[in-house]
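**Q** Take 39 as the starting number for the sequence shown in my numbering and just add one per residue.
Okay, here's the structure, questions in a sec.
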Amino acid sequence: MSYLFAGSSRFHRSDRHATPEPAPAPAPASFAEEAEQAAALSILEGGEADPLALARDPQLLNDIDFVVQEALLKKASDILASCGNLFYRLDGKMVPQGPAPSLVDSILQLRPDLILRLADVSGSGAEDFALEIRGRRFRVNVYRARGTLNAALRPVPIEAPPASALGLEQRLLDRVLQAKQGLILVTGPTGSGKSTTVNCLVDYINQNRACHILTAEDPIEFVYTPKKAAIEQREVGVDVNSFEEAIRSAMRENPDVIVVGEIRDYPTLKAGLQAAETGHLVFGTLHTRRVASTISRAITIAPGPEREDVRGALVNSLLMVVCQLLLPRANGGRVACREIMVANAAILNLIREKNEAAIPSELSLNRKSLGTMEYNQALKILLEEGAITQTTYDEYHDTQKSIKHA
């Protein structure tokens, strides 16, 4: 039996059969060739269908333990092993940590099933999954670059932070809890805390409402503990083929709440809108930064002939949009700046009339009555509270003007 330790040049072989050794294979020039040679060698030696049963290497497991513990101690939001070097993202900035230990090797020792898929040059060259290491869950992406394997890891909270820690007004949390159907979107760029916000809101429902919650995620990150609610989490690629399929099958499984990890395409959006219009509360995420661009993006995901149908479905089902960005906190760390929309007749009429550009003004007007918040308004509040510096305010203000001139 051959054992490939992917990402390194080592082969561990156990000669279980008293048969002549096959001729040595040429030295592999790349990871893909190494994996293919290992598979071929295993077949020659009479190996089973799965040739990649990896030997456990305590030193490599210690490497990943060290990196994980150090990263958590430093409060890193991300870990990156790139081209032989290790980086942590600290307070939003990527900080080099020196040469990388055998981090990718350690990961693949825990998930040997990924090796052949990563070696397949006709595939995507990347695998996205979750790992539990020392009782902590991590979202992991292992990917090929310049013929080698790199890895990006993001720690997932052990428990969802309490909803009060989000900084959302209680009346907004009450709206989420009381909603029985409709669409709630949480948006922002990668690394802006969308998943954490969704997890908090869903767990708030879990704590306070007897209902049935079904999630579709890729991969499953935070693992919910059922409280008042029954919760089932489905992983795309493991339990179901796609987000769209998960939503459509969910509607036959009697859920009250459906959580869509990411709205990536029109079929997923269409299925989510149909679920929201037919008596389900649906959560979804997009990579947009403002409410107006969220509406525009949701509509333009659809092919041309379908866009008016999507606009109409949004008018019928949209309940709330939370757009967030993480900014450098004045005293270290990061703080969320959120633009928040709560649907009312005026907002929905703007969407109906294709006047998304007027939404920010409406958000400012409804701050006291509905708890909505326009982005620059939220930014100014953070500055006045001392949460961010004037420099950060100037950098992130939409018009790039100092508050003195705003």
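Positions of the beta carbon are idealized from the N, C-alpha and C atoms, including for glycine.
Being a predicted model, the structure only gives us computed values, none of them experimental.
Using only the alpha-carbon positions, how far apart do Phe69 and Ile171 sit?
**A** What you label residue 69 is simply residue 31 of the sequence shown in a count that begins at 1. What you label residue 171 is simply residue 133 of the sequence shown in a count that begins at 1. Legend: pLDDT at Phe69 = 38, less than 50; position of this residue unreliable, value from coordinates given subsequently. Cα to Cα, Phe69 sits roughly 25 angstroms from Ile171.
**Q** With three or more beta-carbon pairs closer than 8 angstroms as the criterion, would you say the stretch 300–311 touches the stretch 273–289?
**A** The stretch 300–311 makes contact with the stretch 273–289, as at least three CB pairs between them are under 8 angstroms.
**Q** Please list the terminal residues of the continuous beta strand (DSSP E) segment that includes Gly350.
**A** Numbered from its first residue, the sequence shown carries residue 350 at position 312. Segment Arg345 to Ser355 is the alpha helix (DSSP H) holding Gly350; no beta strand (DSSP E) there.
**Q** Just the Cα atoms here: how many angstroms apart are Asp158 and Thr316?
**A** Your numbering for residue 158 matches position 120 in the sequence shown. Your numbering for residue 316 matches position 278 in the sequence shown. Taking the straight line joining both Cα atoms gives about 42 angstroms.
**Q** Tell me which same chain residues have a C-beta within less than 7 angstroms of the C-beta of Ser230, skipping the five on either side of it?
**A** Numbered from 1 along the sequence shown, position 192 holds the residue referred to as residue 230. Same-chain partners within the cutoff: Gln362, Leu363 and Leu364.
**Q** To the nearest angstrom, report how far apart Val295 and Arg177 are at their CA atoms.
**A** Walking along the sequence shown from the start, residue 295 turns up at place 257. Walking along the sequence shown from the start, residue 177 turns up at place 139. Taking the CA atoms as reference points, Val295 sits about 24 angstroms from Arg177.
**Q** What's the gap between the Cα of Glu291 and the Cα of Ala248?
**A** One-based indexing of the sequence shown puts residue 291 at position 253. One-based indexing of the sequence shown puts residue 248 at position 210. Distance between the alpha carbons of Glu291 and Ala248: 16 angstroms.
**Q** Name the residue from Leu211, Arg286, Arg192 and Val297 whose alpha carbon lies nearest to the alpha carbon of Lys128.
**A** In the sequence shown, counting from the first residue as 1, residue 128 sits at position 90. Reading the sequence as shown, one finds Leu at residue 128 and not Lys. The shortest C-alpha separation from Leu128 is found at Arg192.
**Q** To the nearest angstrom, how far is the alpha carbon of Leu124 from that of Gln135?
**A** Residue mapping note: residue 124 aligns to position 86 of the sequence shown, counting from 1. Residue mapping note: residue 135 aligns to position 97 of the sequence shown, counting from 1. Taking the straight line joining both Cα atoms gives about 5 angstroms.
**Q** Would you list, in sequence order, the uninterrupted alpha helix (DSSP H) runs of no fewer than 4 residues that lie entirely inside the stretch 239–318?
**A** 281–288 and 304–315
**Q** Do the CB positions of Gly220 and Ser407 come within less than 8 angstroms of each other?
**A** Here residue 220 is taken as the residue at index 182 of the sequence shown, counted from 1. Here residue 407 is taken as the residue at index 369 of the sequence shown, counted from 1. Gly220 is not a Cβ neighbour of Ser407, given a cutoff of 8 angstroms.
**Q** Mapping the DSSP letters down to three states, classify Gln147 as helix, strand or coil.
**A** The count along the sequence shown starts at 1 and reaches residue 147 at position 109. Reduced to three states, the DSSP call for Gln147 is helix.
**Q** Is Ile378 helix, strand or coil by DSSP?
**A** As a first step, residue 378 must be located in the sequence shown, where it is residue number 340. DSSP places Ile378 in strand when its eight states are reduced to three.
**Q** Alpha carbon to alpha carbon, how far is Gln245 from Ala267?
**A** Taking the sequence shown and counting its residues from 1, one reaches residue 245 at position 207. Taking the sequence shown and counting its residues from 1, one reaches residue 267 at position 229. So the two alpha carbons sit approximately 7 angstroms from each other.
**Q** Whole angstroms is fine: what's the gap from Glu86's alpha carbon to Leu156's?
**A** As a working mapping, residue 86 is identified with position 48 in the sequence shown. As a working mapping, residue 156 is identified with position 118 in the sequence shown. With a pLDDT of 39 at Glu86, under the threshold of 50, the predicted position of this residue should be treated as unreliable, and no value is reported.
**Q** Need the endpoints of the beta strand (DSSP E) that Thr427 sits in, please.
**A** Position 389 of the sequence shown holds residue 427. Run containing Thr427: none; DSSP gives neither H nor E here.
**Q** For a test of the three-state rule: what should DSSP assign to Ser120, helix, strand or coil?
**A** Numbered from its first residue, the sequence shown carries residue 120 at position 82. Strand, per DSSP.
**Q** When we look at the beta-carbon of Val274 and count the other beta-carbons within 10 Å, is it buried (16 or more) or exposed?
**A** Locating residue 274 in the sequence shown gives position 236, counting from the first residue. Buried, because 16 or more other Cβ atoms sit within 10 Å of the Cβ of Val274.
**Q** Do Gln415 and Leu421 come within 8 angstroms of each other at the CB atom, strictly closer than that value?
**A** Indexing the sequence shown from 1 puts residue 421 at position 383. Indexing the sequence shown from 1 puts residue 415 at position 377. Not in contact: Leu421 and Gln415 (Cβ atoms no closer than 8 angstroms).
**Q** At the level of alpha carbons, what is the spacing between Glu391 and Val180?
**A** Position 353 of the sequence shown, counted from the start, is the residue given in the question as residue 391. Position 142 of the sequence shown, counted from the start, is the residue given in the question as residue 180. Approximately 45 angstroms, taken between the alpha carbons.
**Q** On the CB-based measure, 16 or more other CB atoms within 10 Å of its CB, does Gln75 come out buried or exposed?
**A** Looking up residue 75 in the sequence shown gives position 37. Note on Gln75: pLDDT 43, under 50, position unreliable in the model; no value is reported.
**Q** Taking Ile222 as the reference, which of Thr263, Ala330, Val359 and Gln147 has the closest Cα?
**A** Stepping through the sequence shown from its first residue, residue 222 is reached at position 184. Answer by Cα proximity: Val359.
**Q** Are the CB atoms of Glu400 and Arg328 nearer to each other than 8 angstroms?
**A** To locate residue 400, count along the sequence shown from 1; it is residue 362. To locate residue 328, count along the sequence shown from 1; it is residue 290. No; because the gap between Cβ atoms is not below 8 angstroms, this pair is not in contact.
**Q** The alpha helix (DSSP H) with Ala114 in it runs from where to where?
**A** As a first step, residue 114 must be located in the sequence shown, where it is residue number 76. Where Ala114 is concerned, there is no enclosing alpha helix (DSSP H), given that its DSSP letter is neither H nor E.
**Q** Does the Cβ-Cβ distance between Gly205 and Ala374 come in under 8 angstroms?
**A** By 1-based counting over the sequence shown, the position of residue 205 is 167. By 1-based counting over the sequence shown, the position of residue 374 is 336. Contact: yes.
**Q** Using DSSP's beta-bridge definition, name the partner residues of Leu221.
**A** For the purposes of this step, residue 221 is taken as residue 183 along the sequence shown, with counting starting at 1. Partner(s): Val320 and Leu356.
**Q** Suppose you measure from the CA of Leu118 to the CA of Leu187; what does that come to, to the nearest Å?
**A** Sequence index remark: in the sequence shown, residue 118 carries index 80 (1-based). Sequence index remark: in the sequence shown, residue 187 carries index 149 (1-based). Roughly 11 angstroms between the two C-alpha positions.
**Q** So, with DSSP's three-state summary, where would you put Ala416?
**A** Numbered from its first residue, the sequence shown carries residue 416 at position 378. Note: Ala416 maps to helix in three-state DSSP.
**Q** Pick out whichever of Glu255, Val261, Val320 and Ala189 has its Cα sitting closest to the Cα of Pro195.
**A** Locating residue 195 in the sequence shown gives position 157, counting from the first residue. Nearest of Glu255, Val261, Val320 and Ala189 to Pro195, Cα basis: Val261.
**Q** Measure how close the beta-carbons of Glu259 and Arg175 come, nearest whole angstrom, since I'm counting them as under 8 angstroms.
**A** Taking the first residue of the sequence shown as 1, we reach residue 259 at position 221. Taking the first residue of the sequence shown as 1, we reach residue 175 at position 137. At roughly 6 angstroms, the Cβ-Cβ gap stays under 8 angstroms, so Glu259 and Arg175 are in contact.
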